[in-house]
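*Asks:*
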Amino acid sequence: MAAGGRGNRNAGGGSNATPVHVLMLPWLAFGHIVPFAQLARRLLASSSSSVRVTFLTAAGNVPRVEAMLSSASSAGGVVVVPLKLPRVPGLPEGAASTANLSPDGAELLKVALDAARPQVAALLAELRPDAVLLDFVTPWASHDAAALGIKSFHFSVFSAVACIPRRPRTPPRRGRSGGASAADFTYIFSTFGGQPCVHERLVAGIRACDGIVYKTCAEMEGAYVDYLAAQFRKPVLLAGPLVSDPPQGELDERWATWLSAFPDGAVVFASFGSETFLPPAATTELLLGLEATGRPFLAVLNSPDGEAVVPPLEFAERVAGRGVLCSGWVQQQHILRHRSVGCYVTHVGFSSVVEGLVAGCRLVLLPMKGDQYLNAALFARELRVGVEVPRRDEDGWFGRQDVCDAVAAAVADGGEGDNRKWANFLTDDAVQGRFADEFVRQLREFVSAASS
Numbered sequence: 125m126a127a128g129g130r131g132n133r134n135a136g137g138g139s140n141a142t143p144v145h146v147l148m149l150p151w152l153a154f155g156h157i158v159p160f161a162q163l164a165r166r167l168l169a170s171s172s173s174s175v176r177v178t179f180l181t182a183a184g185n186v187p188r189v190e191a192m193l194s195s196a197s198s199a200g201g202v203v204v205v206p207l208k209l210p211r212v213p214g215l216p217e218g219a220a221s222t223a224n225l226s227p228d229g230a231e232l233l234k235v236a237l238d239a240a241r242p243q244v245a246a247l248l249a250e251l252r253p254d255a256v257l258l259d260f261v262t263p264w265a266s267h268d269a270a271a272l273g274i275k276s277f278h279f280s281v282f283s284a285v286a287c288i289p290r291r292p293r294t295p296p297r298r299g300r301s302g303g304a305s306a307a308d309f310t311y312i313f314s315t316f317g318g319q320p321c322v323h324e325r326l327v328a329g330i331r332a333c334d335g336i337v338y339k340t341c342a343e344m345e346g347a348y349v350d351y352l353a354a355q356f357r358k359p360v361l362l363a364g365p366l367v368s369d370p371p372q373g374e375l376d377e378r379w380a381t382w383l384s385a386f387p388d389g390a391v392v393f394a395s396f397g398s399e400t401f402l403p404p405a406a407t408t409e410l411l412l413g414l415e416a417t418g419r420p421f422l423a424v425l426n427s428p429d430g431e432a433v434v435p436p437l438e439f440a441e442r443v444a445g446r447g448v449l450c451s452g453w454v455q456q457q458h459i460l461r462h463r464s465v466g467c468y469v470t471h472v473g474f475s476s477v478v479e480g481l482v483a484g485c486r487l488v489l490l491p492m493k494g495d496q497y498l499n500a501a502l503f504a505r506e507l508r509v510g511v512e513v514p515r516r517d518e519d520g521w522f523g524r525q526d527v528c529d530a531v532a533a534a535v536a537d538g539g540e541g542d543n544r545k546w547a548n549f550l551t552d553d554a555v556q557g558r559f560a561d562e563f564v565r566q567l568r569e570f571v572s573a574a575s576s
């Protein structure tokens, strides 16, 4: 038996099984923190589960993470532990996540998290968890876990298809509207200030870990999962597509009042998350395309410098009463589930598509970088979910009429595709329970085999 009380586990699970202690360390971006929190809730909700979770994040994120995990933490199944990030020149004081940071600031945040390695190593030695789930940024944590006899897993917050290994290419000229190009994929091979690039961190983490976890299932991405398992020659565990719990509380009065003024399913909601930024030309074409639909719309667009997005000339006057452009954070789940919202224009983050499907929205897919293009191909062409905005072949440019036509196709009769099939699949409690139970069983068996 290893130090810290980790011994043989009852691989069958059940109430008499020794709890499996899982430590989680996501990258400090809420697009990564949220899936880790969702997985923590899933582990703790499993009918066969005897799991406890320690969740590490920067101190400034703790209140928000605790709110995400409130139902699980009230039962004593999860503890959120703060990390004190060392000061890094150029990084705003108190920065704890990529929210409101420039791309360069986000790179400095990686440096700060790297500098917190001694804190993480000390917690591993003190807590001696059975398994560690890590993001792409911290391959060193796998090495520190291995030195203590602790098994580590790389947890990918991306779809399986987006994780297929690719090699960099010389990027062609970028499209005027910020459309698809090889430049969107070569970012992961770019270094900043001499620090390891995303690809180097990712490869190092996969090589160092004992297994890989994907938030997908065989029904949606079976062929890609099989390929990755053969490619990496590592055990692969599937957590299933992670579905957010229904939102708590009420929608802000401002948005509730505005949305309620329109008929059921009339409103187009366009949102690109907190870390996908449209170039000015793309912003113009998107907004003019939404205007051209003749439908009421709410567009949430952010900029890397945190400044308000500038709309086209006289745009606000023309769409007054039926169109709103705003920046910052909004209650996306509440808005998607509002009765008047019928269409969702999304950047095709995997979690965002799942949220839109579960809310019953028709989807318009407008990817802007990296994995989003691959997600769009998976959902639109293989799973028959959503309508892609057409782009020009040579440079990926899209125009206002392309946006307008895609919205029209999505909301038209017959534009639903297999949305309802996959929405039913994702919201089936029995299916979700099966994913959770199977993941916990596999994790327990892995830990038991390692410690016996």
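Numbering-wise (this note's numbering), the sequence shown opens with residue 125 and increments by one. Backbone N, C-alpha and C define an ideal beta-carbon position, used for all residues, glycine too. All of these numbers come straight from a predicted model, not from anything done at the bench.
1) In angstroms with no decimal places, state the Cα-to-Cα distance between Val488 and Gln372.
2) Count the other CB atoms within 10 Å of the CB of Thr551; is the residue buried (16 or more) or exposed (fewer)?
3) Only counting the same chain, and skipping five residues up and downstream in sequence, which positions put a Cβ closer than 6 Å to that of Met192?
4) State the CB to CB distance for the pair Ala363 and Pro263, rounded to an integer number of angstroms; the pair is presumed to be in contact (CB under 8 Å).
5) Could you tell me the distance, in whole angstroms, from the CA atom of Arg486 to the CA atom of Pro387?
6) Identify every run of the alpha helix (DSSP H) within the stretch 466-536, keeping only runs that are complete inside it and at least 4 residues long; order them along the chain.
7) Measuring only the C-alpha atoms, how far is Cys287 from Lys339?
8) How close, in whole Å, do the beta carbons of Leu383 and Ser464 come, if the pair is a contact with beta carbons under 8 Å?
9) By DSSP, does His462 sit in helix, in strand, or in coil?
10) Let me check one thing: in DSSP terms, what residues is Cys321 bridge-paired to?
11) Among all the DSSP beta bridges, which residues are the ones paired with Ser276?
12) Taking just the CA atoms, how far does Pro213 sit from Asn543?
13) When you compare only the Cα positions, how much space is there between Val205 and Ala219?
14) Would the stretch 419-430 count as touching the stretch 396-406 if we require 3 or more Cβ pairs under 8 Å?
15) Nearest CA to the CA of Gly201: which residue from Val175, Lys208, Leu209?
16) Return the first residue and the last residue of the beta strand (DSSP E) that Thr578 is part of.
17) As a quick exercise: from His145, Ser451, Gln457, Val144, pick the residue whose alpha carbon is nearest that of Val374.
18) Could you pull out every residue in the same chain whose Cβ sits closer than 6 Å to the Cβ of Gln243, ignoring the five residues on either side in sequence?
19) Per the DSSP calculation, Pro206 is bridged to which residue(s)?
20) Determine, using beta-carbon pairs with one atom in the stretch 442-450 and one in the stretch 409-418, whether at least three such pairs fall under 8 Å.
21) Quick one: what does DSSP say Ile288 is sitting in, helix, strand or coil?
22) Suppose the cutoff is 8 Å on Cβ atoms and the five residues either side in sequence are ignored; what does the same chain contact list for Lys275 look like?
23) Alpha carbon to alpha carbon, how far is Phe522 from Gly389?
24) Quick one: residues in its chain with C-beta nearer than 6 Å to the C-beta of Arg558, no 5 flanking neighbours on either side, listed in chain order?
25) Report yes if the CB atom of Phe316 is closer than 8 Å to the CB atom of Asp228, and no otherwise.
26) Applying the criterion that 16 or more other CB atoms from any shown protein chain within 10 Å of the CB defines a buried residue, is Thr470 buried or exposed?
27) What residue range does the beta strand (DSSP E) around Ile336 cover?
28) Smallest Cα separation from Glu231: which of Val322, Ile459, His145, Leu149?
29) If contacts are defined as beta-carbon pairs under 8 Å, then Thr178 and Leu233 qualify, I think. What distance do you get, rounded to the angstrom?
30) Hey, how far is the Cα of Gly538 from the Cα of Arg508?
31) Under the DSSP definition of a beta bridge, which residues are partnered with Cys450?
32) So, with DSSP's three-state summary, where would you put Val391?
33) Tell me, to the nearest whole angstrom, how far the beta carbon of Leu460 is from that of Gly480; I am working on the premise that it is less than 8 Å.
34) Alpha carbon to alpha carbon, what distance is there between Met492 and Gln566?
35) Checking the sheet assignment: what are the DSSP bridge partners for Leu362?
36) Quick one: Cα of Pro370 to Cα of Gln355, how far?
*Replies:* The structure says:
1) The residue you call residue 488 lines up with position 364 of the sequence shown. The residue you call residue 372 lines up with position 248 of the sequence shown. Going from the Cα of Val488 to the Cα of Gln372 covers about 26 Å.
2) Translated into the one-based positions of the sequence shown, residue 551 becomes position 427. Label assigned to Thr551: exposed.
3) Residue 192 sits at position 68 when you count from the first residue of the sequence shown. The answer, listed in chain order, is Ala161.
4) Position 239 of the sequence shown, counting from 1, holds the residue named residue 363. Position 139 of the sequence shown, counting from 1, holds the residue named residue 263. With a Cβ gap of about 21 Å, Ala363 and Pro263 do not count as contacting.
5) Your numbering for residue 486 matches position 362 in the sequence shown. Your numbering for residue 387 matches position 263 in the sequence shown. In a straight line, the C-alpha of Arg486 is about 16 Å away from that of Pro387.
6) 474-483, 495-500, 524-535
7) In the sequence shown, counting from the first residue as 1, residue 287 sits at position 163. In the sequence shown, counting from the first residue as 1, residue 339 sits at position 215. Going from the Cα of Cys287 to the Cα of Lys339 covers about 12 Å.
8) Translated into positions along the sequence shown, residue 383 becomes position 259. Translated into positions along the sequence shown, residue 464 becomes position 340. Rounded, the Cβ-Cβ distance is 5 Å, consistent with contact.
9) For the purposes of this step, residue 462 is taken as the residue at position 338 of the sequence shown. It is coil, neither helix nor strand.
10) For this step, residue 321 is matched to residue 197 along the sequence shown. Looking at the DSSP assignment, Cys321 forms no beta bridge with any residue, so it has no partner.
11) Looking up residue 276 in the sequence shown gives position 152. Looking at the DSSP assignment, Ser276 forms a beta bridge with Val256.
12) For the purposes of this step, residue 543 is identified with residue 419 of the sequence shown, where counting begins at 1. For the purposes of this step, residue 213 is identified with residue 89 of the sequence shown, where counting begins at 1. Those two C-alpha atoms are separated by around 48 Å.
13) Within the sequence shown, numbered from 1, the residue matching residue 205 stands at position 81. Within the sequence shown, numbered from 1, the residue matching residue 219 stands at position 95. Going by the C-alpha atoms only, they are around 17 Å apart.
14) yes
15) Against the sequence shown, residue 201 aligns to sequence position 77. Cα-wise, what sits closest to Gly201 is Val175.
16) In the structure displayed, the chain extends from 125 to 576; residue 578 sits before or after that span and is not available.
17) Within the sequence shown, the letter at position 250 stands for residue 374. What sits at residue 374 in the sequence shown is Glu, not Val. Of His145, Ser451, Gln457, Val144, the residue nearest in Cα terms is Gln457.
18) Residue numbering aside, residue 243 sits at position 119 when the sequence shown is read from its first letter. Excluding residues within five positions, the ones whose Cβ falls inside 6 Å are Leu207.
19) Here residue 206 refers to the residue found at position 82 when the sequence shown is read from its first residue. For Pro206, which the question treats as bridged, DSSP gives the partners Thr181.
20) yes
21) Your numbering for residue 288 matches position 164 in the sequence shown. Coil.
22) Position 151 of the sequence shown, counted from the first residue, corresponds to residue 275. Here the set comprises Asp254, Ala255, Val256, Ala269, Asp334, Gly335, Phe570, Val571, Ala574.
23) The residue you call residue 522 lines up with position 398 of the sequence shown. The residue you call residue 389 lines up with position 265 of the sequence shown. Straight-line Cα distance between these residues: approximately 25 Å.
24) Translated into the one-based positions of the sequence shown, residue 558 becomes position 434. Cβ neighbours of Arg558 beyond the five flanking positions: none.
25) Within the sequence shown, the letter at position 192 stands for residue 316. Within the sequence shown, the letter at position 104 stands for residue 228. Against a cut-off of 8 Å, the Cβ pair of Asp228 and Phe316 comes out as a contact.
26) As a first step, residue 470 is located in the sequence shown; it is residue number 346 there, counting from the start. Thr470 should be labelled buried.
27) Counting from 1 along the sequence shown, the entry for residue 336 is found at position 212. First-last of the beta strand (DSSP E) with Ile336: 335-338.
28) Reading the sequence shown from its first residue, position 107 is the one you call residue 231. Minimum Cα distance to Glu231 is reached at Val322.
29) On the sequence shown, position 54 is the one that residue 178 refers to. On the sequence shown, position 109 is the one that residue 233 refers to. So it is not a contact: roughly 22 Å between Cβ atoms.
30) The residue you call residue 538 lines up with position 414 of the sequence shown. The residue you call residue 508 lines up with position 384 of the sequence shown. Answer to the nearest angstrom: the Cα atoms are 12 Å apart.
31) Here residue 450 corresponds to residue number 326 of the sequence shown, with the count starting at 1. For Cys450, which the question treats as bridged, DSSP gives the partners Val424.
32) Taking the sequence shown and counting its residues from 1, one reaches residue 391 at position 267. The answer is strand: DSSP assigns Val391 an E or B state.
33) Indexing the sequence shown from 1 puts residue 460 at position 336. Indexing the sequence shown from 1 puts residue 480 at position 356. Right, the Cβ-Cβ distance comes to about 6 Å (below 8 Å), so this counts as a contact.
34) Locating residue 566 in the sequence shown gives position 442, counting from the first residue. Locating residue 492 in the sequence shown gives position 368, counting from the first residue. Whole-angstrom Cα-Cα distance: 36 Å.
35) Position 238 of the sequence shown, counted from the start, is the residue given in the question as residue 362. According to DSSP, which records beta bridges pairwise, Leu362 is partnered with Tyr338.
36) The sequence position of residue 370 within the sequence shown is 246, counting from 1. The sequence position of residue 355 within the sequence shown is 231, counting from 1. Going by the C-alpha atoms only, they are around 37 Å apart.
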